[in-house]
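K.L.:
Residue numbers 586 to 845, in my numbering, belong to the letters of the sequence shown in order.
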Amino acid sequence: MDAILLAGGTCRTDDPLFPLTVDGHKSLISLGGKPVAQWTLDAMNASDCVERVVIVGLPEGAAVDCPKCAARLADHGGVLENMVAGAKALMQWRSPQENCISVSADIPGIRPEIIEWLAERMGESEEDLYYTVVQRPVMEARYPGSRRTYLRLKGAEVCGGDLNGFRLGLALDDQPMAARLIATRKNPLKQAALIGLDTLALVLLGRLDLEGAVRRVAQRMGMRGRAIVSPYAELAMDIDKYGQYELMRQDLLRLETGEI
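In C-alpha cells:
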C-alpha cells in the first residue's frame, strides 16, 4: 500500500507555535532533535506495508529522510487539495480502485505497528473512506491534558484521527461536501450541522451512535464509509497548540528513557 504525507500548512506570526517553526512551517518544528515530519516519516519508512510515499507540502529543500519517497509536491493550499494532489500522483503506479493511507505530518507518536493495524482493518471491507476515531478514555489515559475536541455520541465520545485511508479514485470525484467537512474538522458540531439539522439535533440530544453518524455522512457525500475505532491514541495526537507540543516533547523523552 502507498501513503501520502500531509505536511502543508503554515503558522501566522501571532501563533504561539510560530517561534518553533522554520519560516512558519509546522511540519518542520524541531522535536527531540529532528523535524516533527521526520517522526512520521520514520514510522512509514519502518512499516512493511508501506511501499512508496508521496510527500505533499514541505517547502523546497526541507531536509527529511524518506527512502520510500516517490514524489515531493508543493503545498496545494489545504488538506483536501493536498490529499487530492497526492492521490493523483500515486495513480501513476496504482489503479483508482486501490486504497492508500493519508498521514498528517504532525503526529510524532505514530509507530509502524499502528500503520499496519490500519492497513489490516482496511482489508476487512471495501469502502471509499476509512476514518479513524479514538474514544475519550483511551485518549485521556495515554495523553492526559491533551485538550482534544470530542464529539459526544450515543455510548461514546470520540475524536478524529490523523491517520486514515481512502480509495484513490476519490481524487477524481467532485466532492464539495468533503471540502466543507474538512474545513470544519476541528468543530464536530459544525460538521453535524453541515450534514443536516436533523443530524445536529440527534448529536445534541445524544441519540446518534457512531455507526449512525458514519452512515449519514456517507449518504450525504454519496460514498461508502467506515469509522474504525482505534486502540492507539497516538494517531490522534497532533500538535496544534504549544501545550500539545510540550506534552509530546516530554512524552517522547520518556519513551527514549524507557519510562513508558
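All C-beta atoms, glycine included, are put in the ideal place defined by N, C-alpha and C.
Predicted model only: the values in this text are computed from it and were never measured.
Excluding sequence positions up to five away, which residues of its chain have a Cβ less than 6 Å from the Cβ of Gln-720?
P.N.:
These residues qualify, in order along the chain: Ala-741 and Val-743.
K.L.:
In terms of residues, what are the limits of the alpha helix (DSSP H) holding Leu-675?
P.N.:
Looking at the DSSP string, the run of the alpha helix (DSSP H) that includes Leu-675 is 664-675.
K.L.:
For Lys-619, does the three-state DSSP call read helix, strand or coil?
P.N.:
Strand at Lys-619.
K.L.:
Below 8 Å CB to CB, which residues in the same chain sit around Arg-706 once its five sequence neighbours on both sides are set aside?
P.N.:
These residues qualify, in order along the chain: Tyr-715 and Ile-813.
K.L.:
Would you please state the rounded distance, in angstroms, between the beta carbons of Glu-819 and Ile-699? I believe it to be under 8 Å.
P.N.:
Confirmed, Cβ separation roughly 6 Å.
K.L.:
Would you call the segment 724-740 and the segment 660-670 in contact, with 3 or more CB pairs under 8 Å?
P.N.:
Segments in contact, no.
K.L.:
Measuring from the CB of Leu-840, is there a heavy atom of the ligand NAD at a distance below 7 Å?
P.N.:
For the ligand NAD, the structure offers nothing, since it holds no ligand at all.
K.L.:
Between Cys-651 and Ala-588, is the Cβ-Cβ spacing less than 8 Å?
P.N.:
It is not a contact, given that the beta carbons lie outside the stated cut-off.
K.L.:
To the nearest angstrom, how far is the alpha carbon of Tyr-817 from that of Tyr-735?
P.N.:
In a straight line, the C-alpha of Tyr-817 is about 16 Å away from that of Tyr-735.
K.L.:
Of the residues Asp-825, Phe-751 and Arg-834, which one's Cα is nearest the Cα of Lys-611?
P.N.:
Closest option to Lys-611, Cα to Cα, is Asp-825.
K.L.:
Beta carbon of Ile-614, beta carbon of Leu-602: below 8 Å?
P.N.:
Cβ atoms of Ile-614 and Leu-602: closer than 8 Å.
K.L.:
Where does the unbroken alpha helix (DSSP H) through Arg-721 begin, and where does it stop?
P.N.:
721-727 is the extent of the alpha helix (DSSP H) around Arg-721.
K.L.:
List the residues that DSSP assigns as beta-bridge partners of Ile-640.
P.N.:
BP columns for Ile-640 point to Leu-590 and Arg-657.
K.L.:
Rounding to the nearest angstrom, what Cα-Cα distance links Glu-712 and Met-668 in this structure?
P.N.:
Near 17 Å, if we compare the C-alpha coordinates of Met-668 and Glu-712.
K.L.:
Taking the CB atoms as reference points, tell me whether Leu-840 and Ser-689 lie closer together than 8 Å.
P.N.:
No, these two residues do not count as a Cβ contact at 8 Å.
K.L.:
According to DSSP, is Ser-689 part of a helix, a strand, or is it coil?
P.N.:
Correct three-state label for Ser-689: strand.
K.L.:
Between the Cα of Ala-704 and the Cα atoms of Pro-693, Glu-725, Val-635 and Ala-655, which residue gives the shortest distance?
P.N.:
The residue with the shortest Cα to Cα distance from Ala-704 is Val-635.
K.L.:
Mind checking Pro-693: buried by the 16 CB within 10 Å criterion, or exposed?
P.N.:
Classification of Pro-693: buried, given that the 10 Å Cβ count is 16 or more.
K.L.:
Which of the three DSSP states, helix, strand or coil, is assigned to Arg-752?
P.N.:
If DSSP states are grouped into helix, strand and coil, Arg-752 belongs with the strands.
K.L.:
Skipping 5 residues on each side, what residues in its chain have a beta carbon closer than 7 Å to that of Gly-828?
P.N.:
Arg-732, listed in sequence order.
K.L.:
Answer with buried or exposed for Trp-702, where buried requires no fewer than 16 other C-beta atoms within 10 angstroms of its C-beta.
P.N.:
By the neighbour-count rule (16 or more Cβ atoms within 10 Å), Trp-702 is buried.
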